[in-house]
Every structure is written in structure tokens, then in C-alpha cells.
Amino acid sequence: MMAVIAGCAILPVNFSKSANADEAAPTFQDVASSIYGQAVGSDDSGENYVFGLTAKYSGPDRTLPGEGKFKNIFYYLPVTAMYYNPDDYYVSTQAVEGVFKTEECVLCHTVQTPRIVIDWKASKHSKGGKTVAMEKEQVVGCDSCHGNNHKELRMPSHNTCGKCHTKEHGEHQAGGQGSHKPTTIWDVSVTEFAWQIGKPGEEVAGCAQCHGIAGNRCDGCHTRHQFKPSEARKPDTCGICHMGVDHAEYEFYYNSYHGKILMMEGDTWDWTKKLTPQNYRVPTCAYCHMGEDGNHNVQNASTEYAHMGMFQLYRGAPKHKAKRDAWIKKCQGCHSPRWSAEHLYAMDEQINISFTKWREAVNIIVGLYLEGLLDPMPADLAPDWTGGHTMNLLPGGAPRFYNVSDIERMAVEMIVYQVTSVYKAAAHFSIDDVTYNSGAFPMDRQLVEIKSEASKLRRIATLEKEVGVVHKAYDFWKHGEYTDLLTGYKRKEGDYDPNEPSAGAGHH
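Each residue of the sequence shown is one higher than the last, beginning at 34 in the working numbering.
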């Protein structure tokens, strides 16, 4: 017996098996139906289900297959791959036949999609201009990027832009892990990352969309169809992706003196000018990470990469002196070398102290695991994305927020949300976030909660042993309407090919 809240009343509900052995036990939706008087139905029927309790999950009826080593394991929603990785997925479905020139495209689309035409006419593409690769001025029209056969129109990618913008495209392709290079930001971070492929594709579309537009296209930073460099120089553009609890660079920047000054004065600046101290009173994202020459390899002017701050790396070590000196020089437009060096040193030490809390937490949790005291233990959970039951915090476990014990989830949030925030807040001079809002003090709460949970688990285990109780994990840890959708349940022999090249290999 259990109770379900219906409005203000609490009604008893019987989930016991049917008296007739041949009849299946009622589902949760069946019980909800008897309470609310609404028929059970598919969630794609268009009906308005009370709190969603009488709806049955149908799943998307249109998906695109995964790619790379794990292509048989996961899927994309169409928009995720088709528009954010167009080289590999986009297929034109246009009904209009004919081969058209730009002037004809403009004539029709002035009616069909007028905003696109207005933006294109306001762009340099409509007026022609010189690039490093092309000395001859020419108009970059619709057919230049999309083709002129209307039934075979292309969705432009970074490769399309690279035909003219060779310098910028080459720089975009030059980065390593942690850059916008598509073979890392998409092929590894999306198609080979457990957070992406271990869950239903609908849930993680946001991961793929940000990674896709940054790696596979160029209009994420200077949006279509104006493609203005001035737009890419503003932090608001970067903030479309670089925001949120696990990578809050946008928020941290605006919580710094740099960000506050920009908010007060930025509308008076000429954003068409080069990124120099003479033109901008405070640095922006592009000012620091791209520099005066607009180097499109953003990793070129970033700190040493440490997996978004989840790995511990002392950036002030002698082996990283060249990069540290470059940062100090970058700050010299406004600050003395000593001032800059001391701030960066403070960042190093703030990062180091944050990892002591993380290690203390993991030490407690791994101890519980080794003694079989986690509730539940990995074997009592749904299989992870590999089809196995590796402990969440051990190699191969792929840190995750679901399909874990609560104490493990707390630890994952500590490393993914708080430890990374200490690094990113310190790097962007958001002094309050390092300590109060996002870093040290929230970690205090998490460490106390982890210790409290560990204490309860040990005390319960002691009592159970004393009275001879052998606890068996509840089945809800392993099964449920959502839990049964996890990738681990779908794994089968041969669905992973380690010899398959990474996604997009040969395409990007």
C-alpha cells in the first residue's frame, strides 16, 4: 500500500498483483487513471494529462543514428545532428525545382523569409570584400554557400566558410582538446562521451547543440546572415554556451569588475574596432582568448587544459612558464606584471585547496564501496552505459548524476559544479563566486552532507548486523519507466566497434 496525493486529499492505492494470476499487475498509469478519472494514453496524443501521470512514454518516432565507435548505441533528435553537424547529416528535402542565381533567391525569399534577406543585405557578403585568400572583390550570395540547385541545397558548415576564410578556418582546426576544433569538441566530447551516449537522445540534445555549433559551424559566434565580427567580440555571444552550473564563465565574467564596467559602458564602445587596450576599457572573452589578430584557435590563449577544471593541474609550475608569461603579458594593457602574477598565483592555490575537499569526499565514498555499504551498490543499479556495473567514481565508471547512490551524486556535483567553479571564477576574477556563491562554501555543505550520509550508512549497517538483517536493495534502483530507457539495458555483443574511426573522421 502507498499513498498518492490528489489535490489536497491523500488516497490509498493498491499496487498488489491482480487476483487473477493471468492478469498483469496494474501499472502506475492505471492506478493514476482510477484516481483522476482520465484514460491512460500515449504522451504524443495531444491530450492534456493531469500532472502527466496517466501518460505513457512513446519515444521519438524520428531520430538519426549515432556515429563513430558507438554509433549503434545512441541516437540524435533530427535537429541535433542535421543542423549542428550538417556535413554528415543534412539532406535537402526542398520541393521547389530549378537552378537559381542569388538575385532570384533574394526575389523569392524577400517574401518567404524576409528577415534572412534583410540580414544578408546588411552584411559584408552582400557588398563584397577582400579576404586573405581572395584579392578579388565579389558578392557572396545565396548560391555561394547553399548551392544553386534548389532540390540539392546545402546547409553550410565550417568547411563552407573555410573556402574563403582560409586563415580563420585553419586556426579553428588547429586546436586540441578543449578547443572548438570539431574532431575534439564534437567527435570526442559528444559521440564518445558517456554523459551523451548513456542517456536517451532527447535529454542530451543541448550538449550536442552547443558542441555542434561551436565545432561544426561558424555562425554560432557571428550569427547568420549578417556574420558580424563585432557580434563575436561581445561576451553575450560566448555566453550562449559558456554558461550554467558546470561552465559558468559567462556569469563569472559579468560578476567581475571587467563585466560590471562593460555593463555600464559597453553600449558606448565601437565594437568594430580591433581588440586592443586603446579601443576597449576592459577585456572581453575574445580580447583574452583570441587577441588583437582574432586568432580563431581559442585554445592558443587559454590556460593549460584540465578537462574543464575537473582534473588538477598547477598552472604556475615551471613547465607551464611560457603560457603563464603570455597571460601576464596579456594583462599588461592595464595591470602591472606583479599584480597579474599574484592574481594567477591566487588562482593556483584556490584550485589546489578545493581538491583537498574533493579527495576527502572520494576517500569516504570509496571506503563505503569497498566495504559494500553504499546504498545501493553498483550491482544493484541499472547497468551503466557499457552494460556493466562499474562504480561511478572509479576508472570506467564515467561520473554521472543518475543511476548512482545519493552519496556518489553529491560527490559528482562537487567536482563538476563546485571544483570547476573555483577554477573558472578565479580565472575570470569573480572573487565572490570563488568563495561564497559557487565554490568553497557550497563545497563545505557538500562535504558535510557526504559525511552525514556516510555516518548514517555505517550506523544502519552496524544495526543490521547486530540484529541479523541482510538488506536487499529495492528494485526501484534498477527499474522504472525512465530507468529502463538507459543505454546500458540496450547493450549487446558487437554493438561497439573499437576499430571504427571517430565520428566525422575524413569529413571534418
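Even for Gly, the Cβ is constructed at its ideal location relative to N, Cα and C. These figures come from a predicted structure and were not determined experimentally.
Simplified DSSP assignment, three categories, for residue i
i      : result
Ala114 : helix
Ser75  : strand
Asn182 : strand
Leu97  : strand
Ala460 : helix
Lys356 : helix
Lys232 : coil
Lys89  : strand
Tyr378 : helix
Tyr109 : strand
Lys452 : Per the sequence shown, residue 452 should be read as Val rather than Lys. It is helical.
Val129 : coil
Val172 : coil
Trp372 : helix
Tyr515 : coil
His191 : helix
Tyr123 : coil
Trp418 : coil
Leu407 : coil
C-alpha distance - residue i paired with residue j, whole-angstrom precision
i      : j      : result
Pro411 : Ser91  : 29 angstroms
Tyr69  : Cys321 : 58 angstroms
Ile230 : Ser335 : 28 angstroms
Thr135 : Val112 : 26 angstroms
Glu130 : Ala155 : 28 angstroms
Val124 : Tyr515 : 32 angstroms
Lys484 : Ile397 : 8 angstroms
Ala506 : Thr520 : 21 angstroms
Thr419 : Arg524 : 7 angstroms
Val449 : Lys307 : 35 angstroms
Lys489 : Glu446 : 20 angstroms
Ser67  : Tyr82  : 13 angstroms
His353 : Cys318 : 22 angstroms
Glu325 : Asn312 : 10 angstroms
Gln259 : Met276 : 24 angstroms
Arg392 : Ile386 : 10 angstroms
Thr143 : Glu137 : 10 angstroms
Asp269 : His376 : 25 angstroms
Counted within 10 angstroms of its Cβ, other Cβ atoms place residue i as buried (16 or more) or exposed
i      : result
Ser78  : exposed
Cys175 : buried
Ala36  : For Ala36, the pLDDT reaches just 42, beneath the cut-off of 50, and the residue's location in the model is therefore unreliable, leaving the point undetermined.
His541 : Low per-residue confidence applies at His541: pLDDT is 39, beneath 50, and the placement is therefore not dependable, though the value from the model is reported in the following sentence. His541 comes out buried.
Leu44  : With a pLDDT of 45 at Leu44, under the threshold of 50, the predicted position of this residue should be treated as unreliable, though the coordinate-derived value follows. Burial call: exposed.
Leu295 : buried
Phe344 : exposed
Val503 : exposed
Tyr522 : exposed
Pro316 : buried
Met34  : Model confidence at Met34 stands at a pLDDT of 35, short of 50, so the residue's coordinates are unreliable and nothing is read from them.
Ser454 : buried
Lys184 : exposed
Phe13  : Since the first and last residues shown for the chain are 34 and 541, residue 13 lies out of range.
Gln145 : exposed
Leu280 : Looking at the sequence itself, residue 280 is His, so the reference to Leu does not match. The residue in question, His280, is buried, as its Cβ has 16 or more Cβ neighbours within 10 Å.
Glu100 : buried
Thr389 : exposed
Ser369 : exposed
Thr216 : buried
Phe133 : buried
Own chain, CB closer than 7 angstroms to residue i, minus 5 neighbours either side, in chain order
i      : result
Cys251 : His191 and Cys194
Phe285 : Lys457, Ala458, His461, Ser463 and Asp466
Val314 : First, the amino acid is wrong: residue 314 is Arg here, not Val. Ile294 and Glu298, listed in sequence order.
Cys98  : The residue you asked about is not Cys; residue 98 is Pro in the sequence shown. Correct list, in chain order: Lys104 and Tyr108.
Leu346 : Glu337 and Ala339
Pro233 : Leu518
Contacts around residue i, its chain only, beta-carbon distance under 8 angstroms, and the 5 residues preceding and following it disregarded
i      : result
Ile63  : The amino acid at residue 63 is misidentified as Ile; the sequence shows Asp. So the qualifying residues of the chain are Val73.
Arg257 : Ile149 and Asp152
Glu486 : Asp439, Ile440 and Met443
Val172 : Thr135, His158, Ser159, Lys160 and Gly161
Glu235 : Pro93 and Leu110
Thr96  : Tyr108, Tyr109, Leu110, Pro111 and Gly234
Tyr529 : Lys102, Phe103, Asn105 and Ile106
CB contact check: residue i to chain B, cutoff 8 angstroms
i      : result
Leu427 : Looking at the structure shown, chain B is missing, and only one protein chain is on hand.
Nonlocal neighbours in the same chain, by C-beta distance under 6 angstroms from residue i, ignoring five residues either side
i      : result
His244 : Ile218, Trp219, Ser222 and Val223
Ala207 : Asn330
Pro189 : Cys178
Ala65  : Leu86 and Thr87
Gly527 : none
Pro475 : Gln451
Complete runs of the alpha helix (DSSP H) confined to the stretch 300–345 [at least 4 residues]:
Whole alpha helix (DSSP H) segments, 4+ residues: 318–322.
Whole alpha helix (DSSP H) runs in the stretch 219–288 with 4 or more residues, listed along the chain?
If we require 4 residues or more, the alpha helix (DSSP H) runs fully inside the stretch 219–288 come out as 227–230, 238–248, 262–265, 268–271 and 282–287.
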